[in-house]
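First up is the structure itself, then whatever we jot down about it.
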Amino acid sequence: MSLDRSDVEKIAHLARLAISPDQTERYAAELSNILDLVAQMDSVNTDDVEPMAHPLHMVQRLRPDQATEPDRRAEYQAGAPLTEGGLYLVPKVIE
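Sequential numbering from 15 applies to the sequence shown in the numbering used here.
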């Protein structure tokens, strides 16, 4: 796909970009190259390619799901003005 000067000016207007007239030809060529690359990638048959979550074959190391600190909720809530059932009570803000 090839873009011309008027296409670049329309794109610049829609994107609210100020492009000087001497740069429009360069941008037209660069955007055309990008669109040609996208068309080239779009033409590749990917029917048998399995989607990947990450481009590298890596496994995320996860730690065991075990409590490592004691439950000190009662200590933390001792200094709170109002608590109920392990929850902090706060004044109603929105009516």
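Virtual Cβ for every residue (Gly too), placed ideally from N, Cα, C.
Between residue 102 and the rest of its own chain, which residues show a CB-CB distance below 8 Å, the 5 nearest in sequence each way excluded?
Here the question's residue 102 lines up with position 88 in the sequence shown. Exclusion of the five residues before and after residue 102 leaves 91, 94, 96 as the residues of its chain whose Cβ lies within less than 8 Å of its Cβ.
Using DSSP with H/G/I as helix, E/B as strand and the rest coil, what is residue 98?
Position 84 of the sequence shown, counted from the start, is the residue given in the question as residue 98. If DSSP states are grouped into helix, strand and coil, residue 98 belongs with the strands.
Residue interval of the alpha helix (DSSP H) (run including residue 118):
This structure gives no information on residue 118, because the portion of the chain shown stretches from 15 to 109.
Thinking C-alpha only, which one of 70, 48, 100 is nearest residue 86?
By one-based count along the sequence shown, residue 86 stands at place 72. Looking at the Cα atoms, 100 is the closest of the given residues.
Can you name the start and end residues of the alpha helix (DSSP H) that residue 27 belongs to?
Here residue 27 refers to the residue found at position 13 of the sequence shown. Run containing residue 27: 19-28, per the alpha helix (DSSP H) assignment.
Does the distance from the C-beta atom of residue 17 to that of residue 49 stay below 9 Å?
As a first step, residue 17 is located in the sequence shown; it is residue number 3 there, counting from the start. As a first step, residue 49 is located in the sequence shown; it is residue number 35 there, counting from the start. Yes, Cβ-Cβ distance for residue 17 and residue 49 is below 9 Å.
Going by CA-CA distance only, name the one from 82, 80, 23, 70 that's closest to residue 45.
Taking the first residue of the sequence shown as position 1, residue 45 is located at position 31. The option with the nearest alpha carbon to residue 45 is 23.
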